[in-house]
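Written out below as structure tokens is the structure these notes cover.
Protein chains: 2
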Amino acid sequence: MQVDKSLMTGSTVMLVLSLLSQREMYGYEMIAELARRSEDTFQLREGTLYPILHTLEADKCVTAREKAAGNGRTRRYYRITRRGRKLLEEKQAEWKFFTDKVEQVVFGTSPSPA
Amino acid sequence: MQVDKSLMTGSTVMLVLSLLSQREMYGYEMIAELARRSEDTFQLREGTLYPILHTLEADKCVTAREKAAGNGRTRRYYRITRRGRKLLEEKQAEWKFFTDKVEQVVFGTSPSPA
DNA sequence: TGACATACCTGTATCAGCTAGGTATAATAA
DNA sequence: TTATTATACCTAGCTGATACAGGTATGTCA
Chain A
487 MQVDKSLMTG STVMLVLSLL SQREMYGYEM IAELARRSED TFQLREGTLY PILHTLEADK
547 CVTAREKAAG NGRTRRYYRI TRRGRKLLEE KQAEWKFFTD KVEQVVFGTS PSPA
Chain B
487 MQVDKSLMTG STVMLVLSLL SQREMYGYEM IAELARRSED TFQLREGTLY PILHTLEADK
547 CVTAREKAAG NGRTRRYYRI TRRGRKLLEE KQAEWKFFTD KVEQVVFGTS PSPA
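Quick mapping for you: the protein sequence lines, in order, are chains A and B.
Residue numbers for the first sequence follow our numbering, beginning at 487 and rising by one.
Residue numbers for the second sequence follow our numbering, beginning at 487 and rising by one.
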């Protein structure tokens, strides 16, 4: 199923931080991993991801280090910081709150218990 | 709780159609009703809603009729069409699909059963 | 030699939603 | 009386998140 890209707006940073909360990763890898885990629903563009990573780094939510890959290329690995984990927790809480409210309005449901 | 407005992107039309799927409503009322049902989480702006309503009308997803209100003002009531209901169903399916995928990635959960 | 995958980067375009302005009437407050 | 607030509609232009489309560079495979 194809989903309207505009739905992604606002949750991309959370998705990226989620990946990094599990292990160190480099940009190109994140795009592939996100596609894999979502069964190709999230096909993040490089033009979207790299600027986000740079902003997260500037905000000290992630740190980066260059590392030579076996194939002669240099990868830039990103690692989440304590501050980044805090941001992720906030984004997750915000997301749950938001989706509960949407479902409340659209499906007439009550918020699901935590 | 305040949520990042950019999360709303892509779901606004679904929210509006959801309201209209239950009863005929006028613009100003929809804004209040959306705020009420979401406990003030969704504070839609007139500059957002009216253009959406005009587009939905042009696309024959809603019809409109003027009606004098008791207070001397004229209200523009919107009613959802068959085509509008179809669009709503699509948006709802898309939304559930999308949120399932996000939770799959972020919380490591499996899609919830329908 | 040329295409493709890997791996990074960025300037500009796009588009949803917001800002900030407009019109107009009626009720309430100063 | 005048100002403010609430109701009720509208729209031109701005903002900001994401996409597009281009760039750089190396290695592999046909």
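Yeah, the Cβ is synthetic: ideal placement off N, Cα and C, and Gly gets one too.
In terms of beta-carbon proximity, residue 572 of chain B stays away from the interface with chain A, with every pair separated by 8 Å or more.
Inclusion of residue 519 of chain A and residue 564 of chain A in the CB contact set at 8 Å is not warranted, their separation being larger than that value. Secondary structure in the segment 517 to 596 of chain B: the beta strand (DSSP E) runs of 3 residues or longer, each lying completely within the stretch, are 548 to 554 and 560 to 566 in chain order.
Here residue 566 of chain B has 506, 507 and 548 as same chain residues with Cβ atoms under 6 Å from its own Cβ, once five neighbours each way along the sequence are excluded. Judged by DSSP in its simplified three-state form, residue 511 of chain B adopts strand.
Flagged as an interface residue toward chain B: residue 587 of chain A, by a C-beta distance shorter than 8 Å.
Per DSSP, residue 489 of chain A lies in no alpha helix (DSSP H) segment and is marked neither H nor E. Each residue's CA atom was taken as its position, placing residue 529 of chain B and residue 512 of chain B some 16 Å apart. In this structure residue 499 of chain B touches residue 577 of chain B by the C-beta definition: roughly 6 Å separates them, less than 8 Å. One thing to note: residue 496 of chain B has its Cβ within 8 Å of the Cβ of residue 490 of chain A.
At a Cβ-Cβ threshold of 8 Å, residue 501 of chain A and residue 591 of chain B count as neighbours. Among the residues of chain B, none has a CB under 7 Å from the CB of residue 513 of chain A; the nearest is roughly 16 Å distant. Classified as buried, residue 494 of chain B has 16 or more neighbouring CB atoms from the shown chains inside 10 Å of its CB. Per the C-alpha coordinates, the member of A:503, A:517 and A:555 positioned closest to residue 543 of chain A is A:503. Pairing residue 487 of chain A with residue 524 of chain A, the inter-Cα distance amounts to about 11 Å. Around the Cβ of residue 595 of chain B, a 10 Å sphere holds fewer than 16 other Cβ atoms; the residue is exposed.
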